[in-house]
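Below is one structure; the comments refer to it alone.
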Amino acid sequence: MLGVLAAGVLLAVSAAMNWRFGVSLGRTEFDGQIYGAASAAADCMKALVPFFFFAAIRTKMWSQAAASALVWVVVTAYSLTSALGHAALNRLDTAGQRAVSSESYQSYRADLARAQEQLSWIPQHRPAQAVQAEMEVLKNDKAWSSTKGCAEATIKRSRDFCQGYHALAAELGSAQQASSLEARISDIQSKIAVVTSGGKNVLAEADPQAAVLAKLAAIVAPNISVEDVQTALTVFIALLLEVGSGFGMYIAFSQWRLYERQTPAVAPELVTVSTAAAAVAAPKAVAIEKPRSGANDNKSVTEEIETEVIETVAEIAAPAATEETAAVIVATNAQQPRLIAPETDVERFYKERIETQDGSSMTATSLYEDYCAWCEEQQKEPLALPTFGREFGELGVQKARIAGRVRYIGIALKSASDLAEDKKLTAFNDRAA
């Protein structure tokens, strides 16, 4: 049951992939649904064909086996193409998204490192607002107006004043540059947080599995690339789905013994029958008609022997013998049992399906095919052809090789009307002697 469940999951996944592939082929939505339904049905047919194929081989229906093989090749090839396309699209799409995320992450990390490095170059400074306020105070000094905004510093006092003002201006520039870098760093960090949102780990490789396999394969094939490994993985995934969905059901059902026929749990035993009765005179004799045996004859072996004994008594007894006297003889002689083996399947087949017919003949192949069909009806396991031929030959049927083929002489298959007549229940008819 677990095997059937696993095979069913693979089949459902493969059918869904085929359906999506078929939908993409339609120009309109309705056309896409038509192609999708046909694709899903073809995928289901792929899983059923192995049952038909091996059943046809078992029954030697070679034309059906060839047709099944052709259908399986076509539907499997179509399903394989859709699986390859679906697997490649998903793998490349996922790998592409990882590549974009990785590149963005690496770029943001590099920008952040440069901004932090530039910020480290800026000397110590006070906040820009404090420096700006101190510069405004200096502008209210007389030296600011006498030097025309530190443009004409001629004496030492004015030069010292302007030097202090320029130092404040440099500190203000440092403060403003630091503020700009800090804002840039904050923006880069927010972008990195977006890339790594949801707890996602940004990998250095877009396809880590392919990268690791490529490194391992490089030991044997140094020229192999990550793209080659990605292609091989895509093909492997497609083969997994196609082989698993195509043969999974057949393998799982192999343990269910679908083709085995039930055989009797206990072998037939030898039965005891009475010996031939001695002739006994009787006042009246009645001839009992022997019923014809057919496919549905339910008499036991003992009843058949008793009927034969009664007929023997009727033939050898005096005309006045009666049926009651014959029955008494049967009961008396039942005390002297003899053992007979039950008839074989080949004997039953001969009695039920074969009739003697002068001038007729049958090939060994056609006779064996009819025997297999009879075994199918009786729910019996047919014998192998050599064993059947040996046991059938022991029945005394003449056999000859004509035109390179073995033929049985003087027999023919019963007609449909004869077979229907044999299947009717027989009845005993009393007939005056």
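Numbering of the sequence shown is given in numbering that gives the first Met the number 0, commencing with residue 0 and proceeding in unit increments. Don't be surprised by glycine CBs; every beta carbon is placed ideally from N, CA and C.
Remark: C-beta atoms of Y349 and L394 approach each other more closely than 8 Å. Beta-bridge partners of M0 (DSSP): none assigned. According to the DSSP secondary-structure assignment, Y407 is paired through a beta bridge with M361, K398. With respect to G245, K45 sits close: the two C-beta atoms are nearer than 8 Å.
Taking all protein chains in view, the Cβ of V48 is crowded by 16 or more other Cβ atoms within 10 Å, so the residue is classified as buried. Between the stretch 26-35 and the stretch 6-14, the count of C-beta pairs closer than 8 Å stays below three; the two stretches do not touch. Counting C-beta pairs with one atom in each stretch, the stretch 215-226 and the stretch 60-75 have fewer than three that are closer than 8 Å, which means they do not touch.
Taking every protein chain shown into account, the CB of A166 has fewer than 16 other CB atoms within 10 angstroms, so this residue is exposed.
Three or more beta-carbon pairs drawn from the stretch 121-134 and the stretch 173-185 are found closer than 8 Å, and the two stretches are therefore classed as touching. With fewer than 16 other beta carbons inside 10 angstroms of its own, R404 counts as exposed. Bounds of the alpha helix (DSSP H) holding K45 are 28-57. One alpha carbon belongs to A114, the other to Y164, and they sit about 29 Å apart. If you check the CB distance, L83 and A237 come in under 8 Å. Residue state for I236 is assigned as helix, using DSSP reduced to three classes. Distance from the CA of Y370 to the CA of R352, rounded to the nearest whole angstrom, comes to 9 Å. Rounded to whole angstroms, the gap between the alpha carbons of F53 and T355 is 36 Å.
Burial state of R406 is buried, judged by a 10 Å Cβ sphere holding 16 or more other Cβ atoms.
A straight-line Cα-Cα distance of about 21 Å links E375 and R389. Taking each of V242, A216, G243 in turn and checking the Cα distance to A231, the smallest one comes out for A216. Spanning the alpha carbons of A210 and A65 requires a straight line of approximately 44 Å. Distance from the CA of I401 to the CA of P385, rounded to the nearest whole angstrom, comes to 18 Å.
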